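The structure appears right after this line, and notes come after that.
In our numbering, the protein residues as written are 1 to 517.
Given below as structure tokens:
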């Protein structure tokens, strides 16, 4: 019987020499090239891949500065016997400077070891997040609050009825813009008319220009405290009955036209003493605002057909979606260390829009309420910061590893190599006192896991190409540092927390002055 030779027969000396020669040729031919985040050939040739744990751009900068041989000498052996590249702080400053110039400070600060250690599984995930494979895209508009609120209601319908519905963000956007414009006009009519002045005198009179500046409050931005009252007042429409006929990245164009109509009306109202004439200008401006909105967004239908039945926006909400007023009873919980905890505030100052209360609580209270809501199958509106200026958002640069896509984490970054000895990051309280990176974006929490450290699954509204196919993976340290507020059903907030707020006097606040939303 013929015996088979074992497959693990050692290479002959000549064959081993050929392998070494081919490896050296690959190393020389690859040089310092780098493509799509893959490790360099010469790094992969080392006994351990641990040498490539730093951002490839740092290795490239090191090679260009001191050469391969010196970089090879820098490799140090750990107690376990693995070879590792020295820490960033131990590298010469000229190498760090060159690496920062090539790939940016965030890419240099990103720790590949920590990125690869992060888990992306979620014990709890709302039914809608499991069934919906695509991510909404607000494009260049400011409607994140609208998209976030809509997703939470869609998740309630999915959890309670099993219906996978897609609601129209444009409908709530239309109602919000209409109310803002009408509110600014209404306030102008109530004010006493000013006597006519020259252009220079008008510019010098800040009170007279206050009304003109009010047109800047007509914007697509908003809050959770606005969304649910707007739904209660105006109802909902499916996207199939009222889609957006104006590309979102052109929203600044029609916003400018609406503001232009209102600003012209305000100037005319302020310069007119006749009450009847002021009223006439006011009424005409309202018609002009609607004309601009109808042209840009389309006129919302008063009735529409779904599954063979005719509905209005309110009957669709109550009968088809079965979203009653109790489902819209949302409590806004903020975490703002500048102000006292267990206090209740009211946010107002926006003409035409509802004022709303905010309860300032600890992050532990927010975490517990959020977990209860997610276990009930409902997504959660929350506000945070994922703008390019945030130093702890990973996966946005070509030099970032694939595992960092959509990662929101503070611990994954180490900026100590760029700081003096003893320097430290701003805490959340000092960051907000300094006005650094205040909350500017709304997203939705759709899942979480506590095993191996608390982490959250986030659904964003930047489209499928952003992050991890439109989703984000948020570590608790990021939520703790950058999380500003959540909107959860009243039933999931402990009564004693609400009672503590009710025991103290209600405080009035303007957005951005006390509570960071």
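Yeah, the Cβ is synthetic: ideal placement off N, Cα and C, and Gly gets one too. What you are looking at is a predicted structure, and each value in this text was computed from that prediction instead of being measured.
{"Item": "Closest residue to residue 132 among 469, 473, 478, 244 (Cα-Cα distance)", "Value": "469"}
{"Item": "Residue 428 classed as buried or exposed, judged by whether at least 16 other C-beta atoms fall within 10 angstroms", "Value": "buried"}
{"Item": "Residue from 227, 321, 110, 216 with nearest C-alpha to residue 155", "Value": "321"}
{"Item": "Inter-stretch contact (C-beta, 8 Å, three-pair minimum) for the stretch 260-278 and the stretch 230-247", "Value": "no"}
{"Item": "Cβ-based burial, residue 421 [other Cβ within 10 Å; buried from 16]", "Value": "exposed"}
{"Item": "Beta-carbon proximity check, residue 335 vs residue 380, cutoff 8 Å", "Value": "no"}
{"Item": "Beta strand (DSSP E) segment containing residue 286, residue limits", "Value": "Segment 275-297 is the alpha helix (DSSP H) holding residue 286; no beta strand (DSSP E) there."}
{"Item": "Inter-residue Cα distance where the pair is residue 413 and residue 169", "Value": "36 Å"}
{"Item": "Buried versus exposed call for residue 465 [16 or more other C-beta atoms within 10 Å across all chains shown]", "Value": "exposed"}
{"Item": "Member of 182, 404, 492, 488 whose CA lies at the smallest distance from the CA of residue 112", "Value": "404"}
{"Item": "Which of helix, strand or coil DSSP assigns to residue 446", "Value": "strand"}
{"Item": "Element boundaries [beta strand (DSSP E), containing residue 131]", "Value": "Not the beta strand (DSSP E): residue 131 falls in the alpha helix (DSSP H), residues 127-131."}
{"Item": "Inter-stretch contact (C-beta, 8 Å, three-pair minimum) for the stretch 234-252 and the stretch 292-303", "Value": "yes"}
{"Item": "Reduced DSSP category for residue 519 - H, G, I as helix; E, B as strand; rest coil", "Value": "Nothing can be reported for residue 519, as the shown portion of the chain is limited to 1 through 517."}
{"Item": "CB of residue 484 within 8 Å of CB of residue 439, strictly", "Value": "yes"}
{"Item": "Simplified DSSP assignment, three categories, for residue 487", "Value": "strand"}
{"Item": "Cβ pair residue 259, residue 215 closer than 8 Å", "Value": "yes"}
{"Item": "Local Cβ density within 10 Å of residue 426, reported as buried at 16 or more and exposed below that", "Value": "exposed"}
{"Item": "Ranges of the beta strand (DSSP E) found wholly within the stretch 157-188, counting only runs of at least 3", "Value": "none"}
{"Item": "Cβ contact (3+ pairs, closer than 8 Å) linking the stretch 330-350 and the stretch 476-490", "Value": "yes"}
{"Item": "Neighbourhood of residue 477 by C-beta distance below 7 Å, restricted to the same chain and skipping five residues each side", "Value": "409, 410, 411"}
{"Item": "Proximity below 8 Å, CB of residue 291 to CB of residue 220", "Value": "no"}
{"Item": "Simplified DSSP assignment, three categories, for residue 392", "Value": "coil"}
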